[in-house]
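Residue numbers for the sequence shown follow our numbering, so the first one is 544 and each next one is one higher.
A short worksheet on the structure shown next.
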Amino acid sequence: MPEEDAFAVLLCLMRDNPYSLRHLYLPGMPALGLALFQLDRLLQVQLPELHAHLVAQGLSTATFASPWFLTLFLASLPLPLATRIFDMFMAEFLQKSVPEQFADDPGRLLTLSDHVTVPARRMKRLQKEYMSLKAKEKHELGGMKQLRAENLSLKQSLEELEKSRHSEEFVLRLERELVQARLGQAEASAALRDMQEKVITLEQRQAAFPEETNLALLRDELAASRVCEGEAAAALCELRAQLQQLEQHCKVKSFFPVASTGTCTGNRLLAFQILNWKGTR
544 MPEEDAFAVL LCLMRDNPYS LRHLYLPGMP ALGLALFQLD RLLQVQLPEL
594 HAHLVAQGLS TATFASPWFL TLFLASLPLP LATRIFDMFM AEFLQKSVPE
644 QFADDPGRLL TLSDHVTVPA RRMKRLQKEY MSLKAKEKHE LGGMKQLRAE
694 NLSLKQSLEE LEKSRHSEEF VLRLERELVQ ARLGQAEASA ALRDMQEKVI
744 TLEQRQAAFP EETNLALLRD ELAASRVCEG EAAAALCELR AQLQQLEQHC
794 KVKSFFPVAS TGTCTGNRLL AFQILNWKGT R
(Lines of atoms letter the chains of each structure in order from A and count residues from 1; the text may use other names and numbers.)
(Lines give C-alpha, C1' and ligand atoms only; values in the text may rest on other atoms or scores of the structure.)
Protein backbone atom coordinates (compact mmCIF):
# COMPACT_ATOMS: atom_id res chain seq x y z
CA MET A 1 0.00 0.00 0.00
CA PRO A 2 1.40 3.41 -0.90
CA GLU A 3 2.27 5.76 1.91
CA GLU A 4 -0.52 8.18 1.00
CA ASP A 5 -3.14 5.42 1.15
CA ALA A 6 -1.80 4.19 4.49
CA PHE A 7 -2.08 7.71 5.88
CA ALA A 8 -5.64 7.98 4.56
CA VAL A 9 -6.54 4.69 6.29
CA LEU A 10 -5.01 6.06 9.51
CA LEU A 11 -7.15 9.20 9.24
CA CYS A 12 -10.24 7.09 8.67
CA LEU A 13 -9.48 5.02 11.75
CA MET A 14 -8.90 8.11 13.88
CA ARG A 15 -12.10 9.93 12.89
CA ASP A 16 -15.13 9.95 15.17
CA ASN A 17 -17.20 7.92 12.74
CA PRO A 18 -17.23 5.03 12.47
CA TYR A 19 -14.11 3.90 14.42
CA SER A 20 -13.12 6.79 16.73
CA LEU A 21 -9.75 5.30 17.58
CA ARG A 22 -8.32 8.74 18.39
CA HIS A 23 -10.07 8.62 21.76
CA LEU A 24 -7.79 5.73 22.72
CA TYR A 25 -4.78 8.06 22.65
CA LEU A 26 -6.18 11.23 24.16
CA PRO A 27 -4.87 12.38 27.58
CA GLY A 28 -6.49 10.18 30.19
CA MET A 29 -7.41 7.57 27.52
CA PRO A 30 -11.20 7.70 28.06
CA ALA A 31 -12.02 5.28 25.20
CA LEU A 32 -9.49 2.74 26.45
CA GLY A 33 -11.04 2.72 29.90
CA LEU A 34 -14.50 2.26 28.40
CA ALA A 35 -13.30 -0.62 26.20
CA LEU A 36 -11.62 -2.37 29.13
CA PHE A 37 -14.74 -1.95 31.27
CA GLN A 38 -16.96 -3.38 28.55
CA LEU A 39 -14.58 -6.30 28.04
CA ASP A 40 -14.57 -7.04 31.77
CA ARG A 41 -18.37 -7.08 31.91
CA LEU A 42 -18.58 -9.26 28.79
CA LEU A 43 -16.14 -11.71 30.35
CA GLN A 44 -18.29 -11.77 33.46
CA VAL A 45 -21.39 -12.60 31.37
CA GLN A 46 -19.95 -14.82 28.64
CA LEU A 47 -17.16 -16.57 30.55
CA PRO A 48 -17.97 -16.32 34.25
CA GLU A 49 -15.51 -19.08 35.25
CA LEU A 50 -12.63 -17.34 33.47
CA HIS A 51 -13.66 -14.03 34.98
CA ALA A 52 -13.76 -15.58 38.45
CA HIS A 53 -10.31 -17.13 37.87
CA LEU A 54 -8.85 -13.78 36.81
CA VAL A 55 -10.37 -12.08 39.83
CA ALA A 56 -8.99 -14.79 42.12
CA GLN A 57 -5.51 -14.28 40.63
CA GLY A 58 -5.81 -10.51 41.05
CA LEU A 59 -5.62 -9.80 37.31
CA SER A 60 -7.71 -7.08 35.75
CA THR A 61 -8.50 -6.70 32.07
CA ALA A 62 -6.18 -3.67 31.92
CA THR A 63 -3.26 -5.96 32.74
CA PHE A 64 -3.42 -7.96 29.49
CA ALA A 65 -5.99 -6.32 27.21
CA SER A 66 -4.58 -2.81 26.83
CA PRO A 67 -2.23 -3.77 23.93
CA TRP A 68 -5.17 -5.37 22.13
CA PHE A 69 -6.94 -2.04 21.75
CA LEU A 70 -3.87 0.17 21.41
CA THR A 71 -2.13 -1.92 18.71
CA LEU A 72 -5.18 -3.69 17.24
CA PHE A 73 -3.62 -7.05 18.14
CA LEU A 74 -0.57 -6.47 15.94
CA ALA A 75 1.76 -6.97 18.91
CA SER A 76 0.23 -10.38 19.78
CA LEU A 77 -0.66 -12.39 16.67
CA PRO A 78 0.42 -12.77 13.05
CA LEU A 79 -1.02 -10.22 10.71
CA PRO A 80 -3.67 -12.54 9.08
CA LEU A 81 -5.07 -13.36 12.52
CA ALA A 82 -4.58 -9.88 14.01
CA THR A 83 -7.12 -8.39 11.62
CA ARG A 84 -9.82 -10.89 12.70
CA ILE A 85 -9.14 -11.75 16.33
CA PHE A 86 -10.20 -9.52 19.21
CA ASP A 87 -9.10 -11.82 22.00
CA MET A 88 -5.56 -13.23 22.28
CA PHE A 89 -4.82 -13.69 25.96
CA MET A 90 -8.14 -15.16 27.06
CA ALA A 91 -6.68 -18.64 27.59
CA GLU A 92 -3.68 -20.77 26.81
CA PHE A 93 -5.59 -22.32 23.91
CA LEU A 94 -5.72 -18.96 22.16
CA GLN A 95 -2.01 -18.38 22.70
CA LYS A 96 -0.74 -21.70 21.34
CA SER A 97 -3.40 -23.53 19.32
CA VAL A 98 -5.31 -20.78 17.51
CA PRO A 99 -2.35 -19.43 15.48
CA GLU A 100 -1.65 -22.96 14.19
CA GLN A 101 -5.29 -23.95 13.52
CA PHE A 102 -6.32 -20.77 11.71
CA ALA A 103 -3.05 -19.89 9.95
CA ASP A 104 -4.27 -21.41 6.64
CA ASP A 105 -7.94 -20.43 6.95
CA PRO A 106 -8.47 -17.15 8.87
CA GLY A 107 -12.06 -17.01 7.63
CA ARG A 108 -13.02 -20.02 9.75
CA LEU A 109 -12.13 -18.01 12.88
CA LEU A 110 -14.53 -15.29 11.78
CA THR A 111 -17.22 -17.92 11.26
CA LEU A 112 -16.73 -19.13 14.81
CA SER A 113 -16.71 -15.60 16.13
CA ASP A 114 -20.17 -15.04 14.62
CA HIS A 115 -21.57 -17.44 17.21
CA VAL A 116 -20.58 -14.97 19.95
CA THR A 117 -23.34 -12.41 19.90
CA VAL A 118 -22.81 -9.04 21.57
CA PRO A 119 -25.93 -6.87 21.16
CA ALA A 120 -25.36 -3.21 20.59
CA ARG A 121 -27.99 -2.41 23.24
CA ARG A 122 -25.91 -4.23 25.83
CA MET A 123 -22.82 -2.31 24.78
CA LYS A 124 -24.75 0.97 25.12
CA ARG A 125 -25.96 -0.07 28.56
CA LEU A 126 -22.42 -0.95 29.59
CA GLN A 127 -21.25 2.37 28.23
CA LYS A 128 -23.85 4.21 30.31
CA GLU A 129 -22.86 2.20 33.36
CA TYR A 130 -19.22 3.02 32.79
CA MET A 131 -20.01 6.71 32.31
CA SER A 132 -22.09 6.76 35.51
CA LEU A 133 -19.24 5.09 37.42
CA LYS A 134 -16.78 7.59 36.02
CA ALA A 135 -19.11 10.45 36.91
CA LYS A 136 -19.41 9.08 40.43
CA GLU A 137 -15.64 8.70 40.69
CA LYS A 138 -15.21 12.20 39.34
CA HIS A 139 -17.73 13.53 41.84
CA GLU A 140 -16.00 11.70 44.68
CA LEU A 141 -12.65 12.88 43.40
CA GLY A 142 -14.00 16.41 43.19
CA GLY A 143 -15.34 16.08 46.72
CA MET A 144 -11.97 14.81 47.88
CA LYS A 145 -10.24 17.66 46.08
CA GLN A 146 -12.65 20.10 47.67
CA LEU A 147 -12.07 18.56 51.08
CA ARG A 148 -8.33 18.68 50.53
CA ALA A 149 -8.59 22.30 49.42
CA GLU A 150 -10.70 23.13 52.47
CA ASN A 151 -8.29 21.23 54.68
CA LEU A 152 -5.37 23.11 53.16
CA SER A 153 -7.22 26.41 53.58
CA LEU A 154 -8.02 25.61 57.21
CA LYS A 155 -4.44 24.58 57.79
CA GLN A 156 -3.19 27.83 56.29
CA SER A 157 -5.72 29.79 58.36
CA LEU A 158 -4.57 27.94 61.47
CA GLU A 159 -0.94 28.73 60.66
CA GLU A 160 -1.84 32.38 60.09
CA LEU A 161 -3.74 32.45 63.39
CA GLU A 162 -0.79 30.88 65.18
CA LYS A 163 1.55 33.38 63.54
CA SER A 164 -0.75 36.27 64.49
CA ARG A 165 -1.04 34.87 68.03
CA HIS A 166 2.72 34.58 68.27
CA SER A 167 3.08 38.09 66.87
CA GLU A 168 0.50 39.41 69.35
CA GLU A 169 2.28 37.67 72.21
CA PHE A 170 5.55 39.11 70.96
CA VAL A 171 4.03 42.60 70.79
CA LEU A 172 2.53 42.22 74.28
CA ARG A 173 5.86 41.04 75.63
CA LEU A 174 7.58 44.00 74.00
CA GLU A 175 4.97 46.34 75.48
CA ARG A 176 5.49 44.84 78.94
CA GLU A 177 9.23 45.17 78.58
CA LEU A 178 8.78 48.76 77.40
CA VAL A 179 6.57 49.58 80.40
CA GLN A 180 9.06 47.96 82.75
CA ALA A 181 11.89 49.85 81.09
CA ARG A 182 9.99 53.12 81.44
CA LEU A 183 9.21 52.38 85.10
CA GLY A 184 12.84 51.56 85.70
CA GLN A 185 13.86 54.74 83.92
CA ALA A 186 11.42 56.78 86.04
CA GLU A 187 12.69 55.16 89.24
CA ALA A 188 16.26 55.75 88.16
CA SER A 189 15.44 59.39 87.35
CA ALA A 190 13.78 59.85 90.77
CA ALA A 191 16.72 58.22 92.51
CA LEU A 192 19.08 60.42 90.51
CA ARG A 193 17.16 63.54 91.51
CA ASP A 194 17.23 62.45 95.16
CA MET A 195 20.95 61.83 94.96
CA GLN A 196 21.49 65.20 93.30
CA GLU A 197 19.49 66.91 96.06
CA LYS A 198 21.45 65.01 98.69
CA VAL A 199 24.70 65.99 97.00
CA ILE A 200 23.65 69.64 96.94
CA THR A 201 22.62 69.47 100.61
CA LEU A 202 25.87 67.78 101.55
CA GLU A 203 27.85 70.34 99.61
CA GLN A 204 26.01 73.13 101.36
CA ARG A 205 26.51 71.51 104.74
CA GLN A 206 30.12 70.83 103.89
CA ALA A 207 30.56 74.48 102.95
CA ALA A 208 28.99 75.64 106.23
CA PHE A 209 30.37 72.93 108.49
CA PRO A 210 34.05 74.10 108.74
CA GLU A 211 33.09 77.62 109.89
CA GLU A 212 30.75 76.30 112.59
CA THR A 213 33.39 73.82 113.70
CA ASN A 214 36.11 76.48 113.84
CA LEU A 215 33.82 78.79 115.76
CA ALA A 216 33.00 76.09 118.31
CA LEU A 217 36.66 75.18 118.60
CA LEU A 218 37.59 78.82 119.08
CA ARG A 219 34.94 79.19 121.74
CA ASP A 220 36.18 76.09 123.53
CA GLU A 221 39.74 77.28 123.30
CA LEU A 222 38.73 80.75 124.61
CA ALA A 223 36.88 79.22 127.55
CA ALA A 224 39.83 76.97 128.31
CA SER A 225 42.19 79.95 128.07
CA ARG A 226 40.03 81.96 130.43
CA VAL A 227 39.93 79.09 132.92
CA CYS A 228 43.69 78.73 132.71
CA GLU A 229 44.12 82.48 133.07
CA GLY A 230 41.91 82.51 136.19
CA GLU A 231 43.82 79.64 137.68
CA ALA A 232 47.11 81.38 136.92
CA ALA A 233 45.85 84.63 138.45
CA ALA A 234 44.74 82.81 141.59
CA ALA A 235 48.10 81.06 141.85
CA LEU A 236 49.93 84.38 141.37
CA CYS A 237 47.92 86.00 144.13
CA GLU A 238 48.64 83.08 146.43
CA LEU A 239 52.35 83.29 145.63
CA ARG A 240 52.40 87.02 146.29
CA ALA A 241 50.69 86.47 149.62
CA GLN A 242 53.23 83.80 150.54
CA LEU A 243 56.05 86.14 149.43
CA GLN A 244 54.77 88.93 151.64
CA GLN A 245 54.47 86.55 154.55
CA LEU A 246 58.00 85.32 153.99
CA GLU A 247 59.37 88.84 153.69
CA GLN A 248 57.69 89.79 156.95
CA HIS A 249 59.01 86.66 158.54
CA CYS A 250 62.52 87.57 157.35
CA LYS A 251 62.30 91.03 158.96
CA VAL A 252 61.21 89.57 162.29
CA LYS A 253 63.98 87.00 162.45
CA SER A 254 66.86 88.99 160.97
CA PHE A 255 69.15 88.00 163.89
CA PHE A 256 69.32 84.40 162.64
CA PRO A 257 71.94 84.66 159.89
CA VAL A 258 71.72 81.14 158.70
CA ALA A 259 68.02 81.00 158.86
CA SER A 260 67.85 84.45 157.26
CA THR A 261 70.16 83.42 154.54
CA GLY A 262 68.22 80.20 153.98
CA THR A 263 64.94 82.06 154.01
CA CYS A 264 66.14 84.64 151.53
CA THR A 265 67.41 81.92 149.30
CA GLY A 266 64.02 80.19 149.46
CA ASN A 267 62.29 83.47 148.65
CA ARG A 268 64.58 84.02 145.70
CA LEU A 269 63.85 80.54 144.42
CA LEU A 270 60.14 81.13 144.81
CA ALA A 271 60.34 84.40 142.90
CA PHE A 272 62.38 82.72 140.19
CA GLN A 273 59.68 80.00 139.81
CA ILE A 274 56.97 82.65 139.52
CA LEU A 275 58.90 84.52 136.84
CA ASN A 276 59.59 81.26 135.01
CA TRP A 277 55.91 80.34 135.12
CA LYS A 278 54.96 83.70 133.66
CA GLY A 279 57.47 83.19 130.88
CA THR A 280 55.94 79.87 129.94
CA ARG A 281 52.45 81.35 129.85
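We treat Cβ as the ideally placed atom computed from N, Cα and C, and that holds for glycine.
These numbers were taken from a predicted model, which means no experiment stands behind them.
Problem - Cβ neighbour criterion (16 or more within 10 Å) applied to A578 - result: buried
Problem - Meets three-Cβ-pair contact criterion under 8 angstroms: the region 574–593 and the region 601–618 - result: With three or more CB-CB distances shorter than 8 angstroms, the region 574–593 counts as touching the region 601–618.
Problem - C-alpha gap between V722 and L684, whole angstroms - result: 56 angstroms
Handout entry: M666 (DSSP reduced to helix, strand or coil)
Key = helix
Handout entry: Nearest residue (CA-CA) to Y673, options D583, A734, E703 and H596
Key = D583
Practice task
Quick one: grab the DSSP three-state call for D737.
Solution key: Residue state, collapsed to three classes: helix.
Exercise for the section: Have a look at A766 and E781 and give me their C-alpha separation to the nearest angstrom. Expected result: 23 angstroms
Handout entry: Residue from T604, D647 and R736 whose Cα sits closest to the Cα of Q587
Key = T604
Exercise for the section: Use the C-beta contact count for L701: other C-beta atoms within 10 angstroms, 16 or more gives buried, fewer gives exposed. Expected result: L701 is exposed by the Cβ-count criterion.
Handout entry: First through last residue of the alpha helix (DSSP H) which encompasses V661
Key = That residue, V661, is in no alpha helix (DSSP H); it is neither H nor E in DSSP.
Exercise for the section: Taking all protein chains shown into account, decide if L597 is buried (16 or more other Cβ within 10 angstroms of its Cβ) or exposed. Expected result: Classification of L597: buried, given that the 10 Å Cβ count is 16 or more.
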